[in-house]
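Visitor:
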Amino acid sequence: MKAVGKFLISGLLAFLILNFLTLFYFNSAVRDETPNKNETLATNWKYEPNQLSVRATEGYGVVHINNDGYVNEFDYTPNMPISILMMGSSQVEAVQVNANESMSYLLNDMVGEENTVYNIGISAHYLLESVKNLKSAIEKYNPKDYVVIETNGVNFTEKELTEALNSKTSDTTTETENQGFYSKIKNNEIIREIFRKMPFLRLAIYQIKEFQEYGNGNTENNVSIEFNEDLTNQILEKIKNETSTTNVQPIIFYHPYTTIDKDGNLILSDDEDSVQKFADLCEKNGIYFLDMSERFKEEYEKNYILPYGFSNTSVGKGHLNKYGHEMVAEELYKLIKSQGGEQ
Numbered sequence: 070m071k072a073v074g075k076f077l078i079s080g081l082l083a084f085l086i087l088n089f090l091t092l093f094y095f096n097s098a099v100r101d102e103t104p105n106k107n108e109t110l111a112t113n114w115k116y117e118p119n120q121l122s123v124r125a126t127e128g129y130g131v132v133h134i135n136n137d138g139y140v141n142e143f144d145y146t147p148n149m150p151i152s153i154l155m156m157g158s159s160q161v162e163a164v165q166v167n168a169n170e171s172m173s174y175l176l177n178d179m180v181g182e183e184n185t186v187y188n189i190g191i192s193a194h195y196l197l198e199s200v201k202n203l204k205s206a207i208e209k210y211n212p213k214d215y216v217v218i219e220t221n222g223v224n225f226t227e228k229e230l231t232e233a234l235n236s237k238t239s240d241t242t243t244e245t246e247n248q249g250f251y252s253k254i255k256n257n258e259i260i261r262e263i264f265r266k267m268p269f270l271r272l273a274i275y276q277i278k279e280f281q282e283y284g285n286g287n288t289e290n291n292v293s294i295e296f297n298e299d300l301t302n303q304i305l306e307k308i309k310n311e312t313s314t315t316n317v318q319p320i321i322f323y324h325p326y327t328t329i330d331k332d333g334n335l336i337l338s339d340d341e342d343s344v345q346k347f348a349d350l351c352e353k354n355g356i357y358f359l360d361m362s363e364r365f366k367e368e369y370e371k372n373y374i375l376p377y378g379f380s381n382t383s384v385g386k387g388h389l390n391k392y393g394h395e396m397v398a399e400e401l402y403k404l405i406k407s408q409g410g411e412q
């Protein structure tokens, strides 16, 4: 019996030590499964408020989830003055880099006005998902000058475009790390609380998910989709119409993914013809379009710097690294300054 007792105590101590060490490696923020029903949501979901998120599975990022459930270094108060509202996916959310390395933080510093840039970027909220939530976001945060929307592509299927036009939000639960698991156990508060307090268990779920996706051969979508000019134009008209009610200027910034060919040349995703068509439609609808392609090329050709990838992941793939965030922030600032700064 003594041997069994020692074994159990040793196992418990080992588990607690692993949990403690995991705090510094993977202690990701937890999704808010019980949002206030009286609250206007600007995204399909957000995090539980007032958390610290630590992640070292891709890059290394320590960020603060504020009282509003988004990645910002300051808290939100109703009717606070916001000049620039940032919307987008995990690229804008930026949990893979430290707080002071994200595009929102850097842009806020460049603009020079405290708390002027507010970030509501959240995982799996790509361009069309942001379009579906745009009206609610503007109504809640009332940005004074600009709303910045991120996209990593300009070609979308007819179904995706139609759903966005009809403001039919998608179920992004299965597209976010660990959140699908939490959704399955959300009605069992005891089990849920155990996983929330045990980062090692959350890390195990994350690693299993990653292994399953690798085993299934899941890779980036390389299927060529024809540019749908008519429906894309309607999407951009929708963006302009919903921002014009408060006289806020929309900006869409496009960041293509990168690969390096066998000769060491930088290859960008999406064809130039589609990007140009998208840019022309943005101009037609009075939307500022920022294409990061040239800046990405310039940094690689001159300095051999890639906007994606980290020392603990594949080079040139995955999320924006600190250099990518810096490039985006600088180009956004240049665009805003060229248009006269504040509206």
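To convert a position in the sequence shown, counted from 1, into our numbering, add 69.
Glycine included, every Cβ here is placed at the ideal spot set by N, Cα and C.
The model shown is predicted, which means the values in this text are computed figures rather than measured ones.
(1) Can you grab the Cα-Cα spacing for the pair Y369 / K75, in whole Å?
(2) What is the C-beta distance between I321 and N224, in whole angstroms, given that I count them as a contact (C-beta under 8 Å)?
(3) What first and last residue would you give for the alpha helix (DSSP H) that runs through S236?
(4) Taking the alpha helix (DSSP H) that I294 falls in, what are its first and last residues?
(5) Along the chain, where does the beta strand (DSSP E) that runs through T218 open and close?
(6) So, with DSSP's three-state summary, where would you put L312?
(7) Is Y377 helix, strand or coil when you go by DSSP?
(8) Under 8 Å between the Cβ atoms of K209 and A125?
(9) May I ask you to report which of helix, strand or coil DSSP gives G284?
(10) Tell me the DSSP secondary structure of T245 in three-state form.
(11) For a quick check, are the C-beta atoms of N96 and N202 less than 8 Å apart?
(12) Residues in the same chain with beta-carbon distance under 6 Å from V186, minus the five sequence neighbours each way, listed in chain order, please.
(13) Quick check on T231: does DSSP put it in helix, strand or coil?
(14) Tell me, please, whether the stretch 130-145 touches the stretch 349-366 by the rule of three or more beta-carbon pairs shorter than 8 Å.
(15) Specify, as a first and last residue, the run of the alpha helix (DSSP H) that S122 falls within.
(16) Could you please give the first and the last residue of the uninterrupted alpha helix (DSSP H) stretch that includes N177?
(17) Can you give the Cα-Cα distance for E395 and N167, rounded to whole angstroms?
(18) Where DSSP assigns a beta bridge to Y323, which residues make up the other side?
(19) Quick one, are the C-beta atoms of V161 and N188 less than 8 Å apart?
(20) Going by other Cβ atoms of all chains shown within 10 Å of its Cβ, with 16 needed for buried, is K115 buried or exposed?
(21) Note down, in chain order, each residue of its chain lying with its Cβ closer than 6 Å to the Cβ of N302, except the 5 sequence neighbours on either side.
(22) Consult DSSP for K99 and reduce its assignment to one of helix, strand or coil.
(23) Less than 8 Å between the C-beta atoms of N480 and M267, yes or no?
(24) Can you tell me which of R364, Q120 and Y326 puts its alpha carbon nearest to the alpha carbon of L389?
(25) How is N188 classed by DSSP in three states: helix, strand or coil?
(26) Let's test the definition: count the other Cβ atoms within 10 Å of the Cβ of T220 and tell me whether it reaches 16, buried, or not, exposed.
(27) Does the beta carbon of A98 come closer than 8 Å to any beta carbon on chain B?
(28) Of the residues P319, E229, Y323 and G157, which one's Cα is nearest the Cα of L305?
(29) Distance check for T109 and P147, CA to CA, integer angstroms please.
(30) If you reduce the DSSP assignment to three classes, tell me which class V131 lands in.
Guide: If we stick to the structure as given:
(1) C-alpha separation (whole angstroms): 57 Å.
(2) Going by Cβ atoms, the distance from I321 to N224 rounds to 14 Å, so no, they are not a contact pair.
(3) Counting along the chain, S236 sits inside no alpha helix (DSSP H), nor does DSSP assign it H or E at all.
(4) Careful: I294 lies outside any alpha helix (DSSP H) and carries neither H nor E.
(5) Residue identity differs from the one stated: residue 218 is Ile in this sequence, not Thr. Residues Y215 to T220.
(6) One detail in the question is off: residue 312 reads as Thr in this sequence, not Leu. Helix.
(7) Strand, per DSSP.
(8) Contact: no.
(9) In this predicted model, G284 has a pLDDT of only 48, less than 50, meaning its place in the structure is not dependable; the value taken from the coordinates is given anyway. If DSSP states are grouped into helix, strand and coil, G284 belongs with the helices.
(10) Bear in mind that the predicted position of T245 carries a pLDDT of just 45, short of 50, making it unreliable; the figure below should be weighed with that in mind. Coil, per DSSP.
(11) Contact flag unset, no.
(12) If you ignore the 5 residues before and after V186, its C-beta comes within less than 6 Å of the C-beta of I153, S173, L176 and N177, all in its own chain and listed in chain order.
(13) Looking at T231 - three-state DSSP - the assignment turns out to be helix.
(14) No, because fewer than three Cβ pairs between the stretch 130-145 and the stretch 349-366 fall closer than 8 Å, the two stretches do not touch.
(15) Segment Q120 to R124 is the beta strand (DSSP E) holding S122; no alpha helix (DSSP H) there.
(16) If you look at N177, you'll find it in the alpha helix (DSSP H) that goes M172 to V180.
(17) One C-alpha to the other measures close to 12 Å.
(18) T220 and D360.
(19) The Cβ atoms of V161 and N188 sit closer than 8 Å to each other.
(20) Its Cβ being crowded by 16 or more others within 10 Å, K115 is buried.
(21) Here N302 has L350 as same chain residues with Cβ atoms under 6 Å from its own Cβ, once five neighbours each way along the sequence are excluded.
(22) Residue 99 is actually Val in this sequence, not Lys. V99 falls in the coil class under three-state DSSP.
(23) Nothing can be reported for residue 480: it is not among the residues displayed for the chain, which extend from 70 to 412.
(24) For L389, the closest alpha carbon among the candidates R364, Q120 and Y326 is that of Y326.
(25) Strand.
(26) Buried, since its Cβ has 16 or more Cβ neighbours within 10 Å.
(27) Structure shown: chain B not included; a single protein chain is present.
(28) Closest option to L305, Cα to Cα, is P319.
(29) Between P147 and T109, the C-alpha separation is close to 12 Å.
(30) The answer is strand: DSSP assigns V131 an E or B state.
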